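*Asks:* Following this message is one structure expressed as structure tokens.
Number of protein chains: 2
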Amino acid sequence: MRRPLKSKHFTTPFVACALLGTLGLLQNQYAVAAEAKAKAKPAMADLIKASSASDWRALDPENTLYMELEKGRVVMELAPNFAPNHAANIKALIREGYFNGLAIVRSQENYVVQWADPDDENPAKKREVKTARKNLDPEFTVRYDKKLPFTRLPDVDGYAPQVGYANGFPAGRDPKNGTAWLAHCYAAVGVARGNESNSGDGTSLYVITGQAPRQLDRNITVIGRVMQGMELLTTTPRGKGALGFYEKPEEMTPIKAIRIAADMPETERSKLEIIRTDTPTFKAIVEAQRNRGGDWYKVPAGHIDLCNVPIVVRPKQ
Amino acid sequence: MRRPLKSKHFTTPFVACALLGTLGLLQNQYAVAAEAKAKAKPAMADLIKASSASDWRALDPENTLYMELEKGRVVMELAPNFAPNHAANIKALIREGYFNGLAIVRSQENYVVQWADPDDENPAKKREVKTARKNLDPEFTVRYDKKLPFTRLPDVDGYAPQVGYANGFPAGRDPKNGTAWLAHCYAAVGVARGNESNSGDGTSLYVITGQAPRQLDRNITVIGRVMQGMELLTTTPRGKGALGFYEKPEEMTPIKAIRIAADMPETERSKLEIIRTDTPTFKAIVEAQRNRGGDWYKVPAGHIDLCNVPIVVRPKQ
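So the protein sequences, as listed, match chains A and B. With our numbering, the residue at position 247 of the first sequence is 247, and numbering never jumps. With our numbering, the residue at position 165 of the second sequence is 165, and numbering never jumps.
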């Protein structure tokens, strides 16, 4: 039943499909020769297939988090380059067991899922922070230098002077003041805060589940990205309260545990690898996405948004 | 329990929140005077509250569709200005009862939900099209003139020379060749097709559920937008097959019926109104979203993406 429909429908932007080549910048002109050339160009799936081991990196066990839910595991990777103090504090919280038994307390349509201690501000029931720091200065941006990897995307972006990828993480950069920051694309993981810049301590984290809310960039500390299991978060029932918060504890999704990959036996780890974003292969993937070829696309976009390039994660080969 | 968390967390980009003003273009400079001014500026919620009846329009009953699912109703509005033949054919299909008893056959993470006849290409079981047309020329773009409303967004866009809103629908425009088209933002409704441009007949429709796949613009016929009930689509379990198609009929979400508002008694209609996009109020809302003020935001974005402006729909006042 699936097969017949597949042929009826437009293709997907992601790995599984067989997108081919480009129509260049012809726009609305379908010269036969150009089409033939377009179809001959490699598609993303071909590029992935032809990639070598050096086009991939394993997730870093010391910075890979597993959030265990009833329905499965959400795998996140932290980017300590961008927020070293927050990364360290979140790991301290995890290692003292802070998140185990807490819950997803918020699911807002086309925006975020967030977890925290449901008894957060009830002094009698609130979970105690033991070893982690209780106050952290904001890490909304970092000063960058040559050590911070950055593969620049040449495409125009309205939210940042420069955009690109830092070791697999979508990021913005401002050469005028020498700062860089992780971007709020789908699957970004951030540190919830109140009105004060230093009020985010890592005890409540959020994940972007909708259209990239880039206006949050440089306003809150982004700490990493969900690498696997997004569908476990995006299919949570939406909270009926203001901002998508749940009104009753029984509506919340319990968190069995959050753990660090490095602390777990090899046999219990998710063995994943991510495409490197500083290689010719990645550059070719971006181009294959920017100007789709193949039989389905009639007009190439000639552009790709920072948050639309798939940063592919797959089982370690 | 919700209240305490609310104060801990960043605010939402949508109506319910109390976003205030703007920090102008100060970026990284927090002059006290400027902040005070920012906080005094109206936020989106204030603008909505202060709006008058003439800032809103009712959904057009003749072009409003109700898709009835077990869990509730998805309300869509067609934009016949952009695809008159497809709009007419979809209404013909609805009026002959084509969709009643069919199903959501695909749910792909961060991309689309799609419905169709699950027996689509099984000649023995396939549902017959009675009165509607079986072949339609593509309506990927339309020629525009002064009659086609268009409130231009001044912000840069990588996918189109000009972007804006046409009577509530996000759209692109190319003055060089005089064409306009609806954009693939979250909640856009489109007409699935195969590789041939004219292979979309309206019997299978899709809704964008993730980061705007704008590369589809001008490649497929967009016919409207979901106005209410997106969460009924975005929380459907993801299909395990290629491209998010379901592999078993029992995994699909049944469609009880799709009907046209005009064909239903007043008492059974969803009474909704949508913000007009050609008014000073809308312009002020866009600016309030482009440069957020208030207590939470520290750095204004100075930009807004076509697909990030909330086109507010609410119960008719």
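Virtual Cβ for every residue (Gly too), placed ideally from N, Cα, C. Just so you know, these numbers come straight off a predicted model, no measurement behind them.
1) For B:Ser204 versus B:Ala116, is the C-beta spacing smaller than 8 Å?
2) So which residues of chain B does A:Glu109 contact, with C-beta pairs closer than 7 Å?
3) Give every residue of the same chain whose Cβ lies closer than 7 Å to the Cβ of A:Cys92, excluding the five residues on either side of it in the sequence, and list them in chain order.
4) For the structure I just gave you, are there three or more beta carbon pairs, one from the stretch 266-280 of chain B and one from the stretch 243-256 of chain B, closer than 8 Å?
5) Considering Cα atoms alone, identify which of B:Gly229, B:Asn219, B:Ala43, B:Gly97 is closest to A:Lys298.
6) Inspect the beta-carbon positions of A:Val207 and A:Val222 and report whether they are closer than 8 Å.
7) What does DSSP give as the partner residue(s) for B:Leu153 in the beta ladder?
8) Would you say the stretch 282-292 of chain B touches the stretch 301-309 of chain B, given that touching needs at least three Cβ pairs under 8 Å?
9) Can you confirm whether B:Arg292, when its beta carbon is compared against all beta carbons of chain A, has any partner nearer than 8 Å?
10) Please confirm whether any heavy atom of the ligand COA lies closer than 7 Å to the CB of B:Lys91.
11) Which class does B:Ser204 belong to by DSSP, given the choice of helix, strand or coil?
12) Can you list, in chain order, the residues of its chain with a C-beta nearer than 6 Å to that of A:Gly224? Leave out the 5 residues immediately preceding and following it.
13) Taking just the CA atoms, how far does B:Phe245 sit from A:Ala58?
14) How would you list, in chain order, the residues of chain A whose beta-carbon sits under 8 Å from the beta-carbon of B:Ser270?
15) Can you tell me which of A:Ile311, A:Val313, A:Arg314, A:Thr281 puts its alpha carbon nearest to the alpha carbon of A:Ser52?
16) Under 8 Å between the Cβ atoms of A:Val163 and A:Ala187?
17) What residues from the stretch 195-207 of chain A come within 8 Å of chain B, judged by C-beta to C-beta, listed N to C?
18) Counting along the chain, where does the alpha helix (DSSP H) carrying A:Lys240 start and finish?
19) Mind listing the chain B neighbours of A:Gly72? Cutoff is C-beta to C-beta under 8 Å, in chain order.
20) How big is the Cα-Cα spacing for A:Ala166 and B:Ala212?
21) Thinking A:Val191 and A:Gly200 are a contact (beta carbons under 8 Å), I'd like their distance in whole angstroms, please.
22) With a threshold of 8 Å between beta carbons, is B:Lys298 in contact with chain A?
23) Using the three-state DSSP reduction, which class does B:Glu273 fall into: helix, strand or coil?
24) Which residues, in chain order, does the stretch 214-228 of chain A contribute to contact with chain B at a C-beta distance below 8 Å?
25) Is the distance from the Cβ of B:Met227 to the Cβ of A:Glu109 below 8 Å?
26) Give the DSSP-derived three-state secondary structure of A:Gln29 in the structure shown.
27) Just list the residues that DSSP pairs B:Ile258 with in beta bridges.
28) Please specify which runs of the beta strand (DSSP E), each continuous and at least 3 residues long, are wholly inside the stretch 100-160 of chain B, giving them in chain order.
29) At 7 Å on the CB atoms, spell out the chain B contacts of A:His303, in chain order.
30) On the DSSP bridge list, what partners appear for B:Arg173?
31) Which residue marks the beginning of the alpha helix (DSSP H) containing B:Val286, and which one marks its end?
32) From the DSSP secondary-structure annotation, give me the bridge partner or partners of A:Tyr168.
33) What's the call for A:Gln215, buried or exposed, on a 16-neighbour Cβ count within 10 Å?
34) Should A:Arg106 and A:Gly210 be called a contact, given that it needs their Cβ atoms to be closer than 8 Å?
35) If you measure from the beta carbon of B:Ala212 to each beta carbon in chain A, is any gap under 8 Å?
36) If we define contact as Cβ-Cβ less than 8 Å, is B:Pro315 a contact residue for chain D?
*Replies:* Quick look at the numbers:
1) For the purposes of this step, residue 204 of chain B is taken as residue 204 along the second sequence, with counting starting at 1. For the purposes of this step, residue 116 of chain B is taken as residue 116 along the second sequence, with counting starting at 1. Cβ distance < 8 Å, so B:Ser204 and B:Ala116 count as in contact.
2) Walking along the first sequence from the start, residue 109 of chain A turns up at place 109. Residues of chain B passing the Cβ test: Met230, Glu231, Thr234.
3) The residue labelled residue 92 of chain A in the question sits at position 92 within the first sequence. Correcting the residue type first, residue 92 of chain A is Ala in the shown sequence and not Cys. Excluding sequence neighbours, A:Ala92 sits near Thr131, Ala132.
4) They do not touch, by the three-pair rule.
5) Locating residue 298 of chain A in the first sequence gives position 298, counting from the first residue. Among B:Gly229, B:Asn219, B:Ala43, B:Gly97, the Cα nearest to that of A:Lys298 belongs to B:Asn219.
6) Locating residue 207 of chain A in the first sequence gives position 207, counting from the first residue. Locating residue 222 of chain A in the first sequence gives position 222, counting from the first residue. Taking 8 Å as the Cβ cut-off, A:Val207 and A:Val222 do not qualify as a contacting pair.
7) Start at 1 with the first residue of the second sequence, and residue 153 of chain B comes out as number 153. Bridge partners of B:Leu153: B:Val163.
8) yes
9) Indexing the second sequence from 1 puts residue 292 of chain B at position 292. So, interface residue.
10) Only the bare structure without any ligand can be found here, which leaves the ligand COA out of the picture.
11) Indexing the second sequence from 1 puts residue 204 of chain B at position 204. Coil, per DSSP.
12) Here residue 224 of chain A is taken as the residue at index 224 of the first sequence, counted from 1. Closer than 6 Å at Cβ, skipping near neighbours: Met76, Glu77, Leu78, Ala79, Val189.
13) Walking along the first sequence from the start, residue 58 of chain A turns up at place 58. Walking along the second sequence from the start, residue 245 of chain B turns up at place 245. Their backbone Cα atoms lie some 29 Å apart in a straight line.
14) In the second sequence, residue 270 of chain B corresponds to position 270, counting from 1. Within 8 Å Cβ-Cβ: nothing; B:Ser270 doesn't reach chain A, min ~17 Å.
15) Position 52 of the first sequence holds residue 52 of chain A. Selected option, being the one with the closest Cα: A:Thr281.
16) As a working mapping, residue 163 of chain A is identified with position 163 in the first sequence. As a working mapping, residue 187 of chain A is identified with position 187 in the first sequence. In this structure, A:Ala187 does not lie closer than 8 Å to A:Val163 by Cβ.
17) Asn195, Ser197, Ser199, Ser204, Tyr206
18) In the first sequence, counting from the first residue as 1, residue 240 of chain A sits at position 240. A:Lys240 -> no alpha helix (DSSP H), and no H or E assigned at all.
19) Translated into positions along the first sequence, residue 72 of chain A becomes position 72. Residues of chain B passing the Cβ test: none, with the nearest at roughly 12 Å.
20) Within the first sequence, residue 166 of chain A is the residue found at index 166, counting from 1. Within the second sequence, residue 212 of chain B is the residue found at index 212, counting from 1. The alpha-carbon separation between A:Ala166 and B:Ala212 amounts to approximately 22 Å.
21) Taking the first sequence and counting its residues from 1, the one referred to as residue 191 of chain A is at position 191. Taking the first sequence and counting its residues from 1, the one referred to as residue 200 of chain A is at position 200. That pair is a contact at about 4 Å.
22) Along the second sequence, one-based indexing puts residue 298 of chain B at 298. True, the Cβ-Cβ gap to chain A drops below 8 Å.
23) Looking up residue 273 of chain B in the second sequence gives position 273. DSSP places B:Glu273 in strand when its eight states are reduced to three.
24) Arg214, Gln215, Leu216, Asp217, Arg218, Asn219, Ile220
25) Mapped onto the second sequence, residue 227 of chain B falls at position 227. Mapped onto the first sequence, residue 109 of chain A falls at position 109. No; because the gap between Cβ atoms is not below 8 Å, this pair is not in contact.
26) Counting from 1 along the first sequence, the entry for residue 29 of chain A is found at position 29. With a pLDDT of 31 at A:Gln29, under the threshold of 50, the modelled position of that residue is not reliable, and the figure given next carries that caveat. DSSP places A:Gln29 in coil when its eight states are reduced to three.
27) For this step, residue 258 of chain B is matched to residue 258 along the second sequence. Partner(s): B:Met67.
28) You should have 103-107, 112-116, 151-153.
29) What you label residue 303 of chain A is simply residue 303 of the first sequence in a count that begins at 1. Neighbours of A:His303 on chain B, chain order: Gly158, Tyr159.
30) Taking the second sequence and counting its residues from 1, one reaches residue 173 of chain B at position 173. B:Gln162, B:Ala180, per the DSSP bridge assignment.
31) Position 286 of the second sequence, counting from 1, holds the residue named residue 286 of chain B. Per DSSP, B:Val286 belongs to the alpha helix (DSSP H) from 280-290.
32) In the first sequence, counting from the first residue as 1, residue 168 of chain A sits at position 168. The sequence shown places Gly at residue 168 of chain A, rather than the Tyr named in the question. Its beta-bridge partners do not exist; DSSP assigns none.
33) Numbered from 1 along the first sequence, position 215 holds the residue referred to as residue 215 of chain A. It counts as buried.
34) Translated into the one-based positions of the first sequence, residue 106 of chain A becomes position 106. Translated into the one-based positions of the first sequence, residue 210 of chain A becomes position 210. Result no, Cβ atoms of A:Arg106 and A:Gly210 do not sit closer than 8 Å.
35) As a first step, residue 212 of chain B must be located in the second sequence, where it is residue number 212. Yes - at least one Cβ of chain A is within 8 Å of the one on B:Ala212.
36) Annotation note: the requested chain D is absent from the structure, which comprises protein chains A and B.
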